[in-house]
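To keep things clear, I will list the structure first and then write my remarks on it.
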Amino acid sequence: MDEQDESRRDQQSIEALEHGGLPVSAEARIAESEARGGAWTSDLSVAELAAVRRWGFEPAGMVMGTSVYHIGSQWGRSWYASLSGAYTSQYPCPHGYYMGSNEHRTGYNWEHTVHERGMVEARNLAMSRMLEEARELGAHGVVGVRLQLEHFEGVASAVEFNAVGTAIRRHGAPPLPTPFTSDLSGQDFAKLLSGGYVPVALVMGICAMEVDPGCGMEWNMSSWGNVELNQYTDAAQQCREIAMAHLEREVAGVGADGVVGVSVRFTEHELSGESKIFQLLAVGTAVARFAGTPLPEPPLAILKLGAR
Amino acid sequence: MALDSSAADAALDRLRTGRSPDHGHGPEVFSSDLSVDEAIALREAGFEPRRMVMGTSMFHIGVSWGNWGNMEIAALTEAMTSARDHASARMMQQCQACGGDGVVGVRLEIRMHHSAHSIAEFVAMGTAVRVRDEHVATLRGLPFSSDLSGQDLYLLVRAGYRPVGMVMGCCVYHVGRQGLMSLTRNVEMTTYTEALYDARELAMERMQHEARRLGADGVVGVSITERSHAWGSRAIEFLALGTAVRELQGGHRPLGVTAVVPMQDDASLTDPSRITGG
């Protein structure tokens, strides 16, 4: 391939990405695996393969979706946040008189909705590209999805979402409008079906909360006694609650009954001055009940009596 | 055992139509950090998940004064205890707000922020559950907490017990210096032995006291951890943590014992979540 072809390919890929499609190389890989028929790829272990076969599914191929995304900054304080319906809270000076070197300063906690929306959008792009590959393979779902979030090297405001997993299909079953996605292993997928639940989608809940401490916090910090830092506590508590509420909203949005295996990642970034940003990211597999009781296959409890 | 895979068609139909067969819990969705095994075991044990609940407390740890002998650092013990209590209480508030009867799989985490100020962040999180089964219905009305997994709760209920609450005992201790030792003789370093002994006993006694207050018959799964956090090696925190249990009125339903040959290699045996039941 000469240079001209290559730059034309790159141009085509970028255009495709801008229109929500897949780059040329991805289309080519998927088309090739379809054309050969039967030569599927998967990152399933043998046990996982056996488990998905037990329910009549077979691997369709490994699928992937990637997006590198610039997350916008959010300047201005609570007045801006309150306009967008975000959480805000104020911590006025608790003393009302001049405390030594400290100035009277009101503290603010406020939610960064621009950041949250950016992260959700980046995740959506990566997931929808992975789903597009799965759809082209005629898959009914993707198991063992690993959703990775990396801060893109060298660019502070850029994040990379990457989703990889193995698409599976059930022979003879009509296609689904949206294949399911799940970070469960093949065995867990099989056990979930035995338990009467089907995975719906990998869901995410996020909250980013800025803490701009007021003079009350400075006063607390200089204490010789033990004292709870209410502004920090509130920020962390609200951050967790809001992220979980966002997660549950996504669960309801995909028509699921609940979410299992949620993992949470709490991070803290220092900003200029005393300000910090707390971020909570919760990810799990939304599941829907398809069977009433009794279950299609009641679980067999096993108690191992051997040494652990 | 049925090996018919047609239930998979019912599963795919559910995704196609978006209709749920039993609207047991109405429009509410549940959230949980339960693994699939835990979720199934909990259902079997008569619980259903409601929401993942979390409580936080950020604490500024003050200054403590004392001599250099063996002694408890009361101010630190108090800080560590009340911060954990605050975090747990907030978690239980969330549990009650979502109509849960208790919280299972509780994890207590602590992060020390190594900045100019001594800030410690305490987090308690777990999955709030509701009681479905009449067998454990006596649990209703008192929100309990437990650090047991779903599988352990299943076994606990089968063994004839119910959880009443997570109990905790904490002791932050300053270990004094041992005097000069002889170079050639073997001798016990009694100052250190006494310090560690004392601290462990205090932590366990406090945990026992909490269990008694809850009217428990016993405590299972006690773990004792020793950590120095950011205080240097001479100040050690001993934390005793367990789940207080009480006997169920219905007595126990013994488990049958079945010999099992797992069809997986040894590496996967150590991870119970990787063994399939089908």
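Sequence order for the protein chains is F and S.
This note's numbering puts the first residue of the first sequence at 1, with every later residue one more than the last.
This note's numbering puts the first residue of the second sequence at 1001, with every later residue one more than the last.
No residue lacks a Cβ here, since even glycine has one placed at the ideal position from N, Cα and C.
Computed from a prediction, not measured in an experiment: that's the story for all the values here.
Using CA coordinates, which residue listed in the options is at the minimum distance from residue i?
i	options	result
V1222 of chain S	S:E1188, S:G1242, S:A1079	S:G1242
E6 of chain F	F:E136, F:P177, F:S25, F:Y232	F:S25
V287 of chain F	F:D188, F:A245, F:L229, F:G172	F:D188
R29 of chain F	F:E136, F:G172, F:A122, F:T66	F:E136
M130 of chain F	F:A163, F:C239, F:M209, F:D2	F:A163
A173 of chain F	F:E58, F:A35, F:R289, F:A86	F:E58
R1130 of chain S	S:D1101, S:R1111, S:R1200, S:R1158	S:D1101
W40 of chain F	F:C215, F:R169, F:S157, F:L281	F:R169
E268 of chain F	F:V254, F:G255, F:C239, F:R289	F:C239
M210 of chain F	F:H70, F:S45, F:A86	Checking the displayed sequence, the identity of residue 210 of chain F turns out to be Glu instead of Met. Considering only alpha carbons, the answer is F:A86.
G1018 of chain S	F:A252, F:Q279, F:G261, F:V283	F:A252
I71 of chain F	F:H112, F:A139, F:Q11	F:H112
A1211 of chain S	S:S1118, S:S1145, S:M1092	S:S1145
L202 of chain F	F:P179, F:P213, F:E116, F:E48	F:P179
M127 of chain F	F:H104, F:L300, F:E116, F:V145	F:V145
E34 of chain F	F:E48, F:A167, F:E15, F:G118	F:A167
M1071 of chain S	S:L1183, S:A1083, S:A1195, S:D1009	S:A1195
E1121 of chain S	S:D1147, S:R1132, S:S1088	S:S1088
S1082 of chain S	F:L229, F:E27, F:G118	F:L229
Under 8 angstroms Cβ to Cβ from residue i, same chain only, skipping five residues before and after it: list those, please.
i	result
A1203 of chain S	G1169, C1170, C1171, I1224, F1238, L1239, A1240
E311 of chain F	Residue 311 of chain F is absent from the model: chain F starts at 1 and stops at 308.
S42 of chain F	L49, P59, G61, M62, T166
R1227 of chain S	I1236, E1237, L1239
V52 of chain F	L44, E58, P59, V143, I168, G186, F189, A190
How would you list, in chain order, the residues of chain F whose beta-carbon sits under 7 angstroms from the beta-carbon of residue i?
i	result
R1016 of chain S	L176
M1054 of chain S	R240
V1220 of chain S	Near V1220 of chain S there are no residues of chain F at all, since even the closest Cβ is about 15 angstroms away, more than 7 angstroms.
I1224 of chain S	Those within 7 angstroms of I1224 of chain S in chain F number zero; the least Cβ separation is about 18 angstroms.
E1121 of chain S	A236
F1047 of chain S	Within 7 angstroms Cβ-Cβ: nothing; F1047 of chain S doesn't reach chain F, min ~13 angstroms.
A1079 of chain S	N226
Suppose the cutoff is 7 angstroms on Cβ atoms and the five residues either side in sequence are ignored; what does the same chain contact list for residue i look like?
i	result
A55 of chain F	First, the amino acid is wrong: residue 55 of chain F is Trp here, not Ala. Only A190, L193 meet the Cβ criterion.
E1044 of chain S	Y1154
Y1192 of chain S	V1175, Q1178
M1080 of chain S	C1170, V1172, E1237
T1077 of chain S	C1170, C1171, V1172
Tell me whether residue i is buried or exposed, calling it buried when 16 or more other Cβ atoms sit within 10 Å of its Cβ.
i	result
M62 of chain F	buried
R1246 of chain S	buried
N109 of chain F	buried
H151 of chain F	exposed
G273 of chain F	exposed
D242 of chain F	The question names Asp, but residue 242 of chain F in the sequence shown is Ile. So I242 of chain F ends up on the buried side.
G1218 of chain S	exposed
L22 of chain F	buried
T88 of chain F	buried
G1232 of chain S	exposed
L1034 of chain S	buried
I1040 of chain S	buried
Q231 of chain F	buried
M217 of chain F	buried
Q11 of chain F	exposed
V159 of chain F	buried
Going by beta carbon distance, what residues of the same chain come within less than 6 angstroms of residue i, once the five residues before and after it are set aside?
i	result
D1095 of chain S	In the sequence as displayed, the identity of residue 1095 of chain S is Cys instead of Asp. Taken in chain order, the residues that qualify are V1053, V1103, A1128, P1143.
C1098 of chain S	R1050, R1051, A1128
G1024 of chain S	Caution applies to G1024 of chain S, whose pLDDT of 49 falls short of 50 and renders its modelled position unreliable; the value that the coordinates give is listed next. There are no such residues.
Y91 of chain F	G107, G214, G216, Q231
Note down, in chain order, every chain S residue with its Cβ under 7 angstroms from the Cβ of residue i.
i	result
P146 of chain F	One point to set straight first is that residue 146 of chain F is Arg, not Pro, in the sequence displayed. None at all; the shortest Cβ gap to chain S is about 16 angstroms.
S89 of chain F	Result: empty, since nearest Cβ-Cβ is about 14 angstroms, beyond 7 angstroms.
T233 of chain F	T1056, S1057, M1058
V251 of chain F	V1029, S1031
A173 of chain F	D1009, L1012
Could you work out which residues of chain S lie near residue i, taking near to mean beta carbons separated by less than 8 angstroms?
i	result
V283 of chain F	By Cβ distance, chain S contributes nothing, its closest Cβ being about 10 angstroms from V283 of chain F, past 8 angstroms.
V200 of chain F	L1015
V227 of chain F	F1059, H1060, G1062
S263 of chain F	D1033
So which residues on chain S does residue i lean against when the C-beta distance must stay under 9 angstroms?
i	result
A288 of chain F	A1011, R1014, L1015, G1018, S1020
A60 of chain F	Chain S residues near A60 of chain F: none, gap ~14 angstroms exceeds 9 angstroms.
Starting from residue i, find everything on chain F with Cβ-Cβ shorter than 8 angstroms and list it in chain order.
i	result
A1235 of chain S	Going along chain F, no residue has its Cβ under 8 angstroms from A1235 of chain S, so there is no contact; the nearest lies around 15 angstroms.
V1172 of chain S	Under the 8 angstroms cutoff, chain F gives no residues; its nearest Cβ is about 11 angstroms from V1172 of chain S.
S1075 of chain S	The question names Ser, but residue 1075 of chain S is Ala in the sequence shown. Going along chain F in sequence order, the residues near A1075 of chain S (Cβ under 8 angstroms) are G225, N226.
Applying a beta-carbon distance threshold of less than 9 angstroms, which residues of chain C neighbour residue i?
i	result
F57 of chain F	Among the protein chains of the structure shown, namely F and S, there is no chain C.
query: At a Cβ cut of 8 angstroms, what residues of the stretch 237–249 of chain F count as close to chain S, listed as they run along the chain?
result: Listed by position along the chain: Q237, R240, E241, M244, L247, E248.
- request: Below 8 angstroms between beta carbons is the criterion; list the residues of the stretch 108–139 of chain F that meet it against any residue of chain S, in chain order.
  value: Answer in chain order: no residues at all.
Proximal residues, the stretch 175–194 of chain F versus chain S, C-beta separation under 7 angstroms: So the list reads L176, F180, L184, Q187, D188, A190, K191, L192, L193, S194, given in the order they occur along the chain.
task: For the stretch 25–41 of chain F, enumerate the residues whose C-beta is nearer than 9 angstroms to any C-beta of chain S, in chain order.
output: The residues in question: there are none.
Residues in the stretch 157–170 of chain F having any Cβ partner in chain S nearer than 7 angstroms: Per Cβ criterion, the list reads R170.
field: Members of the stretch 1086–1113 of chain S near chain F, C-beta cut-off 7 angstroms
entry: Answer in chain order: H1086, R1090.
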